[in-house]
Structure formats: structure tokens, C-alpha cells
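Worksheet: one structure, shown below.
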Ligand SMILES: Cc1ncc(COP(=O)(O)O)c(C=O)c1O
Ligand SMILES: Cc1ncc(COP(=O)(O)O)c(C=O)c1O
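Chains as they are written, first to last, in this note's numbering: chain A, 55 to 469; chain B, 55 to 469; chain C, 26 to 185; chain D, 26 to 185.
Rendered as C-alpha cells:
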């Protein structure tokens, strides 16, 4: 290993980061917690937890509508978080940053507000076999509502998109492309920029489900060129109940509101209602103020560590994990794409993933088991589910070693 | 005052409650904070803030989909909160408690999932002139989508519903009634139970916007008899980004899902998708786990104080406030209904509400000014907005006294 | 802060020999062609999925039982033990076993049911599950499918 | 923990006599029938709403100005001071005042504009607003409406 030295210094950094996360300082069944389930939901650094609590202790009030001091503080903090997020993904304008409750809502918003008015029978939406249910079901619903049809780009045995098939399916009947940036079940990084270019050549807009992209690599929405980018706060070390829809201003401007309520209007009367400007048009009702402020703190934290540093560390650790895990007899890996991030799915002998999960948990190792909300991927491999270990900036080689020990124990138990 | 004694003992209790709220322990511009803006968003007791922070420090993971210890703890806490909320409003089943991001989303869910498939041109929805924008705009949107028409029950000079007009408007063309429990702008308590009975006599379902009901009185949805009841966490001392839709199980069963995504399905394939059971069918994607757990803590807190105790105290304090404020020359009160809760709107001389807000803030008194997301109410009174003082369990007579002093200062300044 | 390996650490309390045996070699596995009752059990969140078949005699005793599907060791062993046990029993007796198992596993609400002084026999092998709350649903899946089959409910049962 | 009344406590820093005078007796209030430019300013969150009218001469100087609508003391006084000031000025000069006011009120982004060595005269009465960030939008509403009127933008301006 040529980069052993770099790696050692990495490990020292990571040790510091681990200290930032209170949840990691605990034991489970007498073992130090090894949290390998960050793709489901990441732990939060103390700075995020404290920012939210301090906000609640000192500054909370409703935003936008008040002249008093607390309302002003809350509004400044809430809108300040929007600015941070804009910078974080390099959006052209703060008006392009819509706060939602998560990736799922962001995608539903686009399906209902952008696509639904646009679609009619015979139109096609293009998604892929890799998608999370949150990037499938909203399109199925809007297809049912409009008579449009959902087409699916298939994958190969390694879990990579079949790009020839993508080219074939991308006809001028396609009105919209929805694609994940990184597969949560297999870790595949999709060639999103290339896909956007091809779709745009036919004037077809593209939504990228970035739930698994944002925590692991530097995102530049202008460089990707996509029209919408959706992600969740809780997968990037921020609070649950927060998420972002990035959308290009021109498209957002033209879309009808998704929900009606307070703050998304300029004027309401029973004769008619004038909607507010961006981004407020899409933020009906009291937003998740404390959550968004926490998300802003998570962005600060991610930027203080550095996305490049994170990507490098996780990439090294993913290699290490995959290599070590492969050494176990009877392991089957799912998701072996050339370009991958942070996730490894596997099965061991004929032990059901659910049993594996329990046995590992009993040794302090938290992994996720099941279909990972990606049933079409499971159907492709003709399995009901996998065990999945997923990495975050706070994982280290010792975590992987404990995983391997635990897997061997499971094997003994079921031998 | 005959109940002076009872009142003194009340004040002692309230002094204790005040200590539970960290935000109240601060000064603004050198004055102790007098927070009279709880109708916009209430402060949180330390037990709620700490529950959320402790959850994040020790127990966080994604819910429902995991076998490991943290996922189990998170699921138990999250579902435990649902049970608490069920008990709190006396719903018949936990399946009737849907977690949303707030009242606004709860109402939009009903408008889109229940009403939209049901409505066609010529159908009517009945709302009132008292409603918050969140209980107007969702109905305007669904009317525009379906060709239905929104009818409005007018109010009188005191801010009470004209019930004769309600009877006239409630014809068999009406498909749905949407009514606020308590007006956030005027404090009027509507005769919801009577309205439900009349509507049900014609088989018309009723949604009650309970955003301002739940914090101030004991709610029993079975006793009210309504079909849907919507409310927000942040107005009942809980976190932002949380809210509840209560719906009768039979109605919820028959409704199509509102959003598509993870957790709301049993099986997804590109050939078709089987939706999950209640309540999960309506909870697509990762929910606001920490927020809902905080909401559960808020329910515990409210129940430990006792809703009856709260209602009694606030009712006494509202009387006191209204009496004291009426003594100021040049005060105009808006909202003088016989049956009121927790809110008083007013204007002073010809001082614009916005100026009043700034001057009061400078003396530590936080009130809300403007249209309070109830522009139709403002139009009725032909004013652009009011100043509004709203009460919570932690307010006391000293708060009111400070308000009065501040109002007199404003008067001097503008004299 | 480390590794206080205790005796339960090898998890033999959960994965007892009898459980592993029934998981590896499930009894009565396969479709029952002449079933009179049938129900699906689905645990959508972990992917367990099974279909339980029963042939019930005129006198309400269980003539035959079988199951198919896929699941973890706990759910397969539980289905195997279940089918093995109930064949030949009157359905009222089966109901008693159902109640007893629910109680034994600490399923909420099960305490209200008749306790009954049943000897659970081999079913005691499921006892360890009680300490693993996230696995209780696996152990009860087949039982709830059986219950719903006997109630002749046509829809799939879900434990979530 | 109480009531450290300081000198600013009477808020005369914000509500100066000149402000109160212009708020009570706004100059040039009312519709301008022969306006060449017009724009709305709306602050949806506090309900301020005004329409600004301008008549611009061929040589781009301001021949007349007026406004109507409703608003708080700060926004009305600001509109009154604005109209009072700009009548007779060349529109380039008006632009300089706009930049200077934005800077003086600390509006984000305004620092980039040319500073200019303008004597703000009566406009200095708005100085106190800077210390009340939630009121800055009130003070700038008329100015932004004017800016957008001169740009001939047909849509209402909102400060939110
Ligand atoms: C009566 C009423 N309905 C609805 C709402 C909207 O609640 P939220 O903004 O929490 O969605 C509010 C609060 O602003 C309200 O007072
Ligand atoms: C790729 C992907 N898309 C969408 C989602 C849905 O995110 P959320 O549940 O936060 O809405 C997830 C997370 O579960 C995901 O991994």
C-alpha cells in the first residue's frame, strides 16, 4: 500500500472527528458502537446538536412575520442557513434553495408541481433500476394521475447503469429524467453530468436525487447542470425533518405552488390570491426553523472538515472494507461498480440478512439489512435483501476490523 | 374580584412554569422578556429541548427499517410519541395519527388526497371568513384544480361566525367543511361541535384547523366528532417541523397516498406498487424523528401541567389583559367574541401596528403585528393589520402590566 | 470502555440448536394444494414474506399445514415449529397456543388474553426472542398469518 | 435583572421629530395623474403597501413625484422625504441618492455601489433605522419602488 503514510495521518484526523460525535462514544451490549448505517441516517456532531438547543433556549420565534427581537434573530438564522446551503452546492441564487422536509418531499414537489401539469397520456418519464423508492413512487403516482408512462434504465451485474439502453430510451417522447446521484443500496456513482448533457440536448429536464451524493462529495449544481437536485439534512449530519430542493430559478418561477398556506402568499382574499416570490412560494406554513438552522450548522461542519478530505478518507476506507470483507469465505458482494461511494452490500453463506444484522448488533456493529427501499435492485439480484455497511467521515479501520470479527462470529454460529 | 385568592395561588404555579422555559430568562434591550407571541410560535420547556438533544446524543438512527439497537430505540421513541399524541386528543386508534410537518401540510394533505379526487365542477367547499391562510389557500388550490367553489361563512363585528349564514350556505352541494377551532387573529372559539353535527346531518365531512385549539384546551376528537383535526407542534411547546393530522380511520383508509417514497409502501416494482397500512401510508420518507420525539415530550409536559389548569389560567389572564388594555384611551379592540381564547388584537390611536411592535420590542415586550395570515379578517375590519398579544401558560399579570406601560410609552412618543 | 464479553455473547440464547435446525430444515415447507385456508404474512420493513396454508377438517381440527416464502432463521423456524405443532389439533387448541406464544413473546396487548396452562413444548425454543425486541415480529409472523387464515381474512397480514 | 433604562430608551433615535412630522403630514401624498413612471412597493410580511408615481421630463429630470398607500411611520416618512427631495433633480443624481441611502442603511450588497460624496440633508433623519434591522425594509420600500419605476419595470417591487 503506497499511501500508508498519508493514511496514518488521515486516521489521526478521523480520531478527532470521532470525538465530535457524542453518539459514537457509547457501547452497545458491552462493545464500542461501530456505526455503519450512516446511509440510512448519519449521526450529528455536537456543534449541530448544540446549535439547535441553543437556538431553542435563546432565539426561537416564528420567522418572517415579526418585528420583535426574537423573530428577527430567528429569521436571520433561518435565512442565513439558506445562504450557507446555497454556497455549499454552488447554486446561482438563494431563490433556488427551497426548504422541504427531506429528499422525498423535494421529489414529490417536482413530480406534482413541475411534471403533473405538463404530462399527458403517452408522455414518458425516465428513471433507473437503481433508484430509491422515493425516486420511483412519486413518478408512478404522477403517471397514474396523467396517463404518462415510467421507463426504466436497466443495470448490469455490477450495479452499473446500462448507458446504451439509456440512449435508446431517451427519445423525444421523454418529458423528464429522474436519476440518483449515488445508489444507496449498491454505492454506484452514476455519470450524472453526462446524462444531463444528453437529456438537455433533447431539451429534457433532469432531476438528480442527491440524498447519497451530498454527504460524500463536493456538489456543484451549476457544474452538474441538472435542473433539480434533491437531498436530505439527516444524511449529511443535520437534523431529520429537513431537506432541500434546488431548482433552476426559471423553472421554479413558472411552477405553480405545491402547498398553500401562510408565508407563500403576498395577498389572500376569497376573490383570489397572489403568490409570493421565490423561494417563499414553495415554503407554505411555518418551516422547520430549528431544523434548518441545524442544517446550516451541519454545512459549516462539513465545510470545516472539507468535502475533499471526506471523499478521500471514505474512498480509502471503502477500499479497505471491500478488500477485508472479500477475504471471508462465503461472502457475496452486491454492487461492484467501478465508480462507487461509501456503501457495500453483501450476503454471507445462506444466513439471512436479518439474522446477520442481529448478530452484528450484538457485537456493537450497526448495519442495515433488508431491501434498503430499493426493491427493484433486490429483484434484479433475485434476493429479498442484503446486509449493508455504509461509511461516514467518522468511520475508521478499527470499525471495519470489528465488522469482520463480527461477521466471522455469525459464520461460526450458523456453521 | 371574587377569585383573587385562587388567582394568587395560580400565580405561584405560573411562576414555577416560567422557570421551565429557558428563553423567558433573558432580557431584551435591558428589559425582562415579555413574550406575548405564542400564537405565532410558543417557547419550549427545557424538558423538550433536552429530550431532543439527548435523543440526538444517544439514540439517533433511522426508524422502522433497522434491526440494530439505535434503530430500535429510535423507532420505539418515535412510535411511542404517536401513542402519546393519540391519548392526548383521545383518538380511537394510533392509526389515525399521521405525522406531518405542521398544520399547513395536514390541511394540504386532506385537500389533495381526500377532496381532490372527490370534487368536480359545481361542488362547494365551505370555509369561514375567520380562517388562517393555511385553511384558505389549500382549498382555493383544489377548487382551481377541480372547478369546485369555495364558499365563505361571514363574521360579525365582534368576530363571531354568522351561524344563520352558515345554515343557509350548508346545502347539499357542499362536499366539505373546513373550519378553525380558534381564530389566531381574533381569538374567537367557534362552535365546532355544533357545526360538525349540522354538517354530518347532511353527510358532509368536516376538517377542524386546531392549530390554536390544542395548546389552550383539552381536545377530544371523538367528542368533537370531526373527521379531520389538524395541528402544529410548535404552537404547543414542541418543535417546529412537526404537526399532526388526525383523521377517522375509515376515511384515511380510503384515501390515496399524498406523497410517494420510502416507508409508505409494502412492495415496489416498476409493474406496480402496494401501499403500506395506516398510518405509514401517509408518512413517505424519513420522518422528522427528533421533532416527533420532542413533540411527545411536549405532550408529557402539557399533561403534567394539565389542560384544564392552563385553560383556566389563560382565561383569567385574557380577561385581565383585555380589561387593562381597554382602559387606555385611544385603544380599539378587534375580536370581542363572547367565547374567546388567549388572543387580543388591537390598535392604538393612529399608530401603525408595525411602529407599535418596534416600540414595544424596545421595552422587552414581544407582540406580533400585521395581518397574522388572516387577510380576510383584516379586510373585514378595513385595516391593514393589528397588533396582537397572545398568551400561553407561562404568561402572568406582570407581563400584562409591562405591556400596558409600553403601550403608554408608545402613545407618548407619537403624541 | 471495551468488550465485556458475557455468556450471552455467542447468542445461543436466541439461536438455539432447535431454532437453527428448523431454520435449516423447515418442516412442512411447500405449497399445500388442497388447503382450505390460506394467508400471507409480510414484514415489509425487513422483507420477510410467507404464505401459510391450512387444511381444516369439518370438525375444525387441522388436517394439514404448510408454508412457503422466504425469511430469516427466526421466522422460518417459527413457521416450521408452528406447522409441526398444530397438525391434528382442534382449532380451539390452536388458538390457545397462539395466545400463549403472544404472551410469552411479550406482544403488547397479549396479556389480556386467556393465559391457559399450556405446555409449550418445543415452542419454548422461541423464548430467547423476547430479549430481542426488534425480532419479535419475525417470530410472530407465521402465527399471525395462521390466525388470519383461520379467521378467513382474505388480505395479507402485515406485522408492521 | 431589570430595566436598565438608557438614553435610547425613548426611541427618539428612530422616531425623530422630522420622521414623525413627515409620517403625520406626508408631502406629495396622493395619486399623480400625469405620471410617466409608476411602481408598487409591497412588504407582504408587515403589510406596507405603496404606489410611487413619477413624472420624468425629456431631459431625464424629475418633474413631479407622489405616492399613495398605507404603511408605518418609517415607510411613509421615507416616501415623503424621498418625493420631497427628488423633484427637480436629474435622474442620475437620484440614483446617487438611492445608492447613498442603501449604504447608509446597511443594505447588503449596497457597499459595492459608488460611494459618492452626497450631502444627504434631511435624509439623515433615517439614520436611526440602521439600528433596527427589522425596520430597514420599511425605510427602503419607497426607494426601491422608485428605482424600479425608473427602470420602467412594470411589476410590483417587494422588499421581501
Ligand atoms: C389557526 C391557524 N391555522 C393554521 C396555522 C398554520 O400553522 P403552521 O404554520 O404551523 O403550519 C396557524 C399558525 O400560524 C394558525 O394559527
Ligand atoms: C438515494 C436516496 N434517495 C432518497 C432517499 C429518501 O430520503 P428521505 O427519507 O430523507 O426523504 C434516500 C434515503 O433513504 C436515499 O438513500
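Glycine included, every Cβ here is placed at the ideal spot set by N, Cα and C. Remember, predicted model here, so these are calculated numbers, not experimental data.
Nearest residue (CA-CA) to residue i, options the options
i	options	result
residue 106/C	175/C, 42/C, 37/C, 36/C	42/C
residue 215/A	226/A, 196/A, 204/A, 185/A	185/A
residue 131/C	116/C, 82/C, 172/C, 151/C	151/C
residue 191/B	429/B, 173/B, 457/B	429/B
residue 341/B	353/B, 92/B, 313/B, 322/B	313/B
residue 176/C	61/C, 37/C, 146/C, 97/C	61/C
residue 163/D	435/B, 433/B, 406/B, 426/B	406/B
residue 110/C	45/C, 35/C, 148/C	148/C
residue 219/A	193/A, 234/A, 370/A, 249/A	249/A
residue 71/A	171/A, 93/A, 98/A	98/A
residue 123/A	424/B, 448/B, 427/B, 420/B	420/B
residue 193/B	166/B, 309/B, 325/B	166/B
residue 372/A	394/A, 262/A, 359/A	394/A
Close-in-space but distant-in-sequence residues of the same chain around residue i (CB under 7 Å, 5 per side omitted)
i	result
residue 452/B	none
residue 118/B	129, 317
Unbroken beta strand (DSSP E) run spanning residue i, endpoints
i	result
residue 397/B	397-402
residue 119/B	Where residue 119/B is concerned, there is no enclosing beta strand (DSSP E), given that its DSSP letter is neither H nor E.
residue 181/A	178-182
residue 103/D	No beta strand (DSSP E) holds residue 103/D; the alpha helix (DSSP H) holding it covers 98-111.
residue 321/A	319-323
residue 283/A	282-286
residue 204/A	203-207
residue 232/A	228-234
Chain-ordered neighbours of residue i on chain A, where CB pairs are closer than 7 Å
i	result
residue 172/B	Here the premise fails: no neighbours, minimum Cβ distance about 15 Å.
residue 58/C	By Cβ distance, chain A contributes nothing, its closest Cβ being about 25 Å from residue 58/C, past 7 Å.
Residue i beta carbon near ligand 3 (any heavy atom closer than 6 Å)
i	result
residue 158/B	Annotation note on ligand 3: not contained in the displayed structure, which lists ligand 1 and ligand 2 as its ligands.
Where residue i meets chain A, residues with beta-carbon distance less than 9 Å
i	result
residue 98/C	405, 406, 408, 409, 468
residue 91/B	115, 116, 120, 122, 124, 125
Chain-ordered neighbours of residue i on chain D, where CB pairs are closer than 8 Å
i	result
residue 126/A	158, 159
Terminal residues of the alpha helix (DSSP H) in which residue i lies
i	result
residue 369/A	361-380
residue 49/D	42-49
residue 253/B	246-255
residue 160/B	157-163
residue 220/B	217-223
residue 195/A	191-200
residue 3/D	What is shown of chain D runs 26 to 185, which leaves residue 3/D out entirely.
residue 275/A	275-278
Close beta carbons around residue i, own chain, < 6 Å, minus the five adjacent residues each side
i	result
residue 253/B	231, 260
residue 76/B	100
residue 51/C	101, 105
residue 76/D	65, 93, 94
residue 129/D	none
Chain B contact residues for residue i, given Cβ-Cβ distances below 9 Å
i	result
residue 45/D	467, 468
residue 257/A	Neighbours of residue 257/A on chain B: none; closest Cβ ~25 Å, over 9 Å.
Neighbour list for residue i in chain D, Cβ cutoff strictly below 7 Å
i	result
residue 527/B	Nothing about residue 527/B can be read from this structure; chain B reaches only from 55 to 469.
Under 8 Å by beta carbon: chain B residues contacting residue i
i	result
residue 69/C	319, 320, 321, 330
8 Å CB neighbourhood of residue i in its chain, flanking five on each side removed
i	result
residue 39/C	99, 153, 154, 156, 157, 160
residue 389/B	212, 213, 237, 239, 240, 241, 242, 397, 398, 399
Under 9 Å by beta carbon: chain C residues contacting residue i
i	result
residue 384/A	Correct list: empty, because the minimum Cβ distance to chain C is about 15 Å.
Proximal residues of chain C, C-beta to C-beta of residue i below 7 Å
i	result
residue 413/A	36
Proximal residues of chain B, C-beta to C-beta of residue i below 7 Å
i	result
residue 20/D	Chain D is shown from 26 up to 185; residue 20/D falls before or after that span and cannot be answered.
### Message
Ignoring anything shorter than 4 residues, give me the alpha helix (DSSP H) runs that lie fully in the segment 86-110 of chain A, in order along the chain.
### Response
none
### Query
Quick one: complete beta strand (DSSP E) runs, 3+ long, within the segment 65-89 of chain C?
73-81
### Message
As an exercise, report each continuous alpha helix (DSSP H) stretch of at least 4 residues that is fully enclosed by the segment 378-465 of chain A, in chain order.
### Response
407-415, 429-435
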